[in-house]
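Student:
Residue numbers (the working numbering), protein chains in the order written: chain A, 982 to 1295; chain B, 982 to 1295.
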């Protein structure tokens, strides 16, 4: 979401609701049965905004589904079904064939079933709506962070932003991380198992689609809390650290990693889960009741935040 | 759907499925409980394809939801929840405010709840995904027409196409039907009660989004049957009949009326329901096993069919 576009809440925030969560989390939750919710979300990828013109259709097919899967995982849910809407300027069979290969590869990987869709003429744009199932007792909500919770992040952050900057020729990456960073941008692979394994140890998570700071602020705003983040703890690619391009790690979008919070008492359990499963989850800071997000350097000095939703190319 | 775009089935037809109906009906059906399905559908409206540049945002807000509601009603379902995705070139608060008025007016009318959505930068495009509930015993499927069934249609057909032709200055309508036909195009109002009242009397229905012939052919193809349609029975606006612009009634899209089939024995019951509720449903022909759709004039002569999916402006 382009930051200023969050103004949409002004017009579309639902007033009264029979559902458990409406607009404002990674997915909406509606009652399924005594123990489960349906989790529902939608995401659109537009040419020149969410993907570059020369993005391979196969990667785009993968990504349009993966970003939606990420939303369901960020609720603690299991993705199940998807609806796909493709707008394209004219019929291009070869493009569709490649796109469908990527889409179904992702669907197979995450065991998601395509159950419907439509195609129409228009500027190239892909919308996916996704339906998953979340257990009531293990659902993650942005509003459930608690004072003194640890803040954890999965995988690496800034990698996708690095890939984008390289493709846009804003920087030239060494060959060693070119492939990995472009892969992170174009074929994000949210970790399904992490959501499952941390269930019970966390009540609060969000996926990093718009950048660490931007998305962490959603948690802080909805939980009415603040946080300290220690920059040297952030799991950023070495190259970002060497070149001091911290803004790519702090503001770079499209990572589809998870930020989650957990009480201190779970620290050991999480470390054990991490080591056992080779998850690469990292403790990056902690929640406090200041209502302010501070990024701190090694010496405890505050690093000024330039908040940017980096997701879109515009 | 642009006719040739139906080729998408080639790439996206699901092979194996745990769901009751996948791609190829007005909505997908997934198991809800012993007696009910969830019905799910998605539809995108793109500028210059599905709506004219100067369409009022209020009407567009109404229509993007109404066309999805129509899909659920065409399955015999009751629409419940919607997800909304808006792409627009730049933030336009006034536009969004008007759009949301139309959207929520439609949501209120049909008791649909907006549960999620996103907004992003791109060519103006609106995607709505809708979730409804359909009773298993009263679901309508395109594949369930039977030989010798009567074919019925609700409301008037060709009215929206007339409105479009007027707005495009392809013809000039008399003032008496201008408002009604533009209303039909821009604020379609699928009839929620008809679906409910004919439940039990029909097993097969489709909504007319792409034109009577185009959509009836979906029923015939999926039921592996043919049909005779009597042109003088078609409930078209008088102006279309006077000017012999039958193609607007036969191929004109965007009507969001219902075609449904029903055994002959139900004819009287349907007439009674029709009169009692002032529904304006009309018997227009009957199913046969010829596998061919024939449009016949008063004398029984075959009227050549020019099949055009008329929904899109392109």
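Built from N, CA and C at the ideal position, the CB exists for glycine as well.
1. From what residue to what residue does the beta strand (DSSP E) around residue 1109(A) run?
2. My parser needs the beta strand (DSSP E) runs of 3 or more residues fully inside the segment 1171-1201 of chain A; what are they?
3. When the Cα atoms are used, what is the spatial distance from residue 1038(B) to residue 1238(B)?
4. What does residue 1062(A) touch in chain B if you count any residue whose Cβ is under 8 Å from its own?
5. In the structure shown, what three-state DSSP assignment does residue 1168(B) receive?
6. To the nearest angstrom, report how far apart residue 1011(B) and residue 1245(B) are at their CA atoms.
7. Does the beta-carbon of residue 1167(A) have 16 or more other beta-carbons within 10 angstroms, so that it is buried, or is it exposed?
8. Quick check on the DSSP output: the beta strand (DSSP E) that includes residue 1047(B) runs from which residue to which?
9. Consider the Cβ of residue 1147(B): report whether some Cβ of chain A lies at a distance smaller than 8 Å.
10. For the segment 1096-1125 of chain B, enumerate the residues whose C-beta is nearer than 8 Å to any C-beta of chain A, in chain order.
11. Would you grab the beta carbon distance between residue 1109(B) and residue 1063(B) for me? Rounded to a whole angstrom, and I think it's under 8 Å.
12. Can you give me the start and stop residues for the alpha helix (DSSP H) that residue 1228(A) sits inside?
13. Between 1006(A), 1001(A), 1022(A), 1028(A), which has its C-alpha nearest residue 1015(A)'s C-alpha?
14. Rounded to the nearest angstrom, how far is the Cβ of residue 1061(B) from that of residue 1112(B), given a contact under 8 Å?
15. Measuring straight from C-alpha to C-alpha, what distance separates residue 1118(A) and residue 1241(A)?
16. Which runs of the alpha helix (DSSP H) fall wholly inside the segment 1205-1283 of chain A and span at least 4 residues, in chain order?
17. Is it right to say residue 1291(A) is buried, meaning 16 or more other beta carbons lie within 10 angstroms of its own, or is it exposed?
18. Starting from residue 1094(B), trace the beta strand (DSSP E) both ways and give me its first and last residue.
19. Roughly how many angstroms separate the alpha carbons of residue 1208(A) and residue 1021(B), rounded to a whole number?
20. Hey, is residue 1031(B)'s beta-carbon within less than 8 Å of any beta-carbon in chain A?
21. In the DSSP assignment, find the unbroken alpha helix (DSSP H) run with residue 1012(B) in it and report its ends.
22. Under the three-state reduction of DSSP, which class applies to residue 1071(B): helix, strand or coil?
23. Please go through the same chain and pick out, in chain order, the residues whose beta-carbon is closer than 7 Å to the beta-carbon of residue 1258(A), but skip the five residues on each side of it.
24. Per the contact definition of three or more C-beta pairs closer than 8 Å, is the segment 1126-1139 of chain A in contact with the segment 1260-1271 of chain A?
25. Is residue 1028(B) helix, strand or coil by DSSP?
26. Closer than 8 Å by beta-carbon distance: list the chain A residues that pair up with residue 1065(B), in chain order.
27. Quick one: Cα of residue 1089(B) to Cα of residue 1133(B), how far?
28. Answer yes or no: do residue 1215(B) and residue 1230(B) have a C-beta to C-beta separation smaller than 8 Å?
29. Can you check which of these residues, 992(B), 1049(B), 1006(B), 1030(B), is closest to residue 1171(B) by C-alpha distance?
30. Let me see if you follow: with CB-CB separation under 8 Å, is residue 982(A) close to chain B or not?
31. Which bits of chain B does residue 1081(A) rub up against, with CB to CB less than 7 Å?
32. Just the Cα atoms here: how many angstroms apart are residue 1071(B) and residue 1147(B)?
33. If you draw a straight line from the C-alpha of residue 1042(B) to the C-alpha of residue 1169(B), how long is it?
34. How is residue 1286(B) classed by DSSP in three states: helix, strand or coil?
35. Which residues bound the beta strand (DSSP E) around residue 1120(B)?
36. Look at the Cβ atom of residue 1144(B), then the Cβ atom of residue 1115(B), and state whether they are nearer than 8 Å.
Tutor: According to the data block:
1. In the first chain, residue 1109(A) corresponds to position 128, counting from 1. From DSSP, the beta strand (DSSP E) with residue 1109(A) extends over 1106-1116.
2. 1185-1188, all fully within the segment 1171-1201 of chain A.
3. Along the second chain, read from residue 1 onward, the residue named residue 1038(B) stands at position 57. Along the second chain, read from residue 1 onward, the residue named residue 1238(B) stands at position 257. Straight-line Cα distance between these residues: approximately 23 Å.
4. The residue labelled residue 1062(A) in the question sits at position 81 within the first chain. Neighbours of residue 1062(A) on chain B, chain order: 1000, 1009, 1011, 1021.
5. The count along the second chain starts at 1 and reaches residue 1168(B) at position 187. If DSSP states are grouped into helix, strand and coil, residue 1168(B) belongs with coil.
6. In the second chain, the residue the question calls residue 1011(B) occupies position 30. In the second chain, the residue the question calls residue 1245(B) occupies position 264. Straight-line Cα distance between these residues: approximately 31 Å.
7. By one-based count along the first chain, residue 1167(A) stands at place 186. Under the 10 Å beta carbon count, residue 1167(A) is surrounded by 16 or more other beta carbons and is classified as buried.
8. Residue numbering aside, residue 1047(B) sits at position 66 when the second chain is read from its first letter. No beta strand (DSSP E) contains residue 1047(B), which is instead part of the alpha helix (DSSP H) from 1038-1054.
9. Taking the second chain and counting its residues from 1, one reaches residue 1147(B) at position 166. The beta carbon of residue 1147(B) does not come within 8 Å of any beta carbon belonging to chain A, so the residue lies off that interface.
10. Those residues of the segment 1096-1125 of chain B that come within reach of chain A (Cβ to Cβ, closer than 8 Å) are 1096, 1097, 1098, 1099, 1100, 1101, 1102, 1103, 1104, 1106, 1108, 1110, 1112.
11. Residue mapping note: residue 1109(B) aligns to position 128 of the second chain, counting from 1. Residue mapping note: residue 1063(B) aligns to position 82 of the second chain, counting from 1. Indeed they touch by this definition, with Cβ atoms about 6 Å apart.
12. To locate residue 1228(A), count along the first chain from 1; it is residue 247. First-last of the alpha helix (DSSP H) with residue 1228(A): 1227-1232.
13. Translated into positions along the first chain, residue 1015(A) becomes position 34. The shortest C-alpha separation from residue 1015(A) is found at 1001(A).
14. Start at 1 with the first residue of the second chain, and residue 1061(B) comes out as number 80. Start at 1 with the first residue of the second chain, and residue 1112(B) comes out as number 131. Correct: roughly 6 Å between the Cβ atoms.
15. To locate residue 1118(A), count along the first chain from 1; it is residue 137. To locate residue 1241(A), count along the first chain from 1; it is residue 260. Taking the straight line joining both Cα atoms gives about 16 Å.
16. Fully enclosed alpha helix (DSSP H) runs of 4 or longer: 1219-1223, 1227-1232, 1248-1258.
17. One-based indexing of the first chain puts residue 1291(A) at position 310. Residue confidence is low: residue 1291(A) scores 42 on pLDDT, short of 50, so the model does not pin down where it sits. Its coordinate-derived value is still stated next. Under this definition residue 1291(A) is a buried residue.
18. Counting from 1 along the second chain, the entry for residue 1094(B) is found at position 113. Run containing residue 1094(B): 1094-1102, per the beta strand (DSSP E) assignment.
19. Your numbering for residue 1208(A) matches position 227 in the first chain. Your numbering for residue 1021(B) matches position 40 in the second chain. It is roughly 40 Å from the alpha-carbon of residue 1208(A) to the alpha-carbon of residue 1021(B).
20. As a position in the second chain, residue 1031(B) is number 50, starting the count at 1. With 8 Å as the cut-off, residue 1031(B) counts as an interface residue toward chain A.
21. The residue labelled residue 1012(B) in the question sits at position 31 within the second chain. That residue, residue 1012(B), is in no alpha helix (DSSP H); its beta strand (DSSP E) goes 1009-1012.
22. As a position in the second chain, residue 1071(B) is number 90, starting the count at 1. Correct three-state label for residue 1071(B): coil.
23. Counted from its first residue, the first chain places residue 1258(A) at position 277. So the qualifying residues of the chain are 1174, 1178.
24. A contact exists between the segment 1260-1271 of chain A and the segment 1126-1139 of chain A.
25. Position 47 of the second chain, counting from 1, holds the residue named residue 1028(B). Residue 1028(B) falls in the strand class under three-state DSSP.
26. Looking up residue 1065(B) in the second chain gives position 84. Counting only Cβ-Cβ distances below 8 Å, residue 1065(B) has contacts in chain A at 993, 1023, in chain order.
27. By one-based count along the second chain, residue 1089(B) stands at place 108. By one-based count along the second chain, residue 1133(B) stands at place 152. Answer to the nearest angstrom: the Cα atoms are 29 Å apart.
28. Residue numbering aside, residue 1215(B) sits at position 234 when the second chain is read from its first letter. Residue numbering aside, residue 1230(B) sits at position 249 when the second chain is read from its first letter. The Cβ-Cβ distance between residue 1215(B) and residue 1230(B) falls below 8 Å.
29. Counted from its first residue, the second chain places residue 1171(B) at position 190. Among 992(B), 1049(B), 1006(B), 1030(B), the Cα nearest to that of residue 1171(B) belongs to 1049(B).
30. Locating residue 982(A) in the first chain gives position 1, where the first residue counts as 1. Caution applies to residue 982(A), whose pLDDT of 42 falls short of 50 and renders its modelled position unreliable; the value that the coordinates give is listed next. Yes, its Cβ sits closer than 8 Å to a Cβ of chain B.
31. Residue 1081(A) sits at position 100 when you count from the first residue of the first chain. Going along chain B in sequence order, the residues near residue 1081(A) (Cβ under 7 Å) are 992, 993.
32. In the second chain, counting from the first residue as 1, residue 1071(B) sits at position 90. In the second chain, counting from the first residue as 1, residue 1147(B) sits at position 166. Rounded to whole angstroms, the separation of the alpha carbons of residue 1147(B) and residue 1071(B) is 30 Å.
33. For the purposes of this step, residue 1042(B) is identified with residue 61 of the second chain, where counting begins at 1. For the purposes of this step, residue 1169(B) is identified with residue 188 of the second chain, where counting begins at 1. One C-alpha to the other measures close to 11 Å.
34. Residue numbering aside, residue 1286(B) sits at position 305 when the second chain is read from its first letter. Residue 1286(B) carries a coil assignment under DSSP once its states are collapsed to helix, strand and coil.
35. One-based indexing of the second chain puts residue 1120(B) at position 139. Annotation: residue 1120(B) is outside any beta strand (DSSP E) and is labelled neither H nor E by DSSP.
36. Taking the first residue of the second chain as 1, we reach residue 1144(B) at position 163. Taking the first residue of the second chain as 1, we reach residue 1115(B) at position 134. It is not a contact, given that the beta carbons lie outside the stated cut-off.
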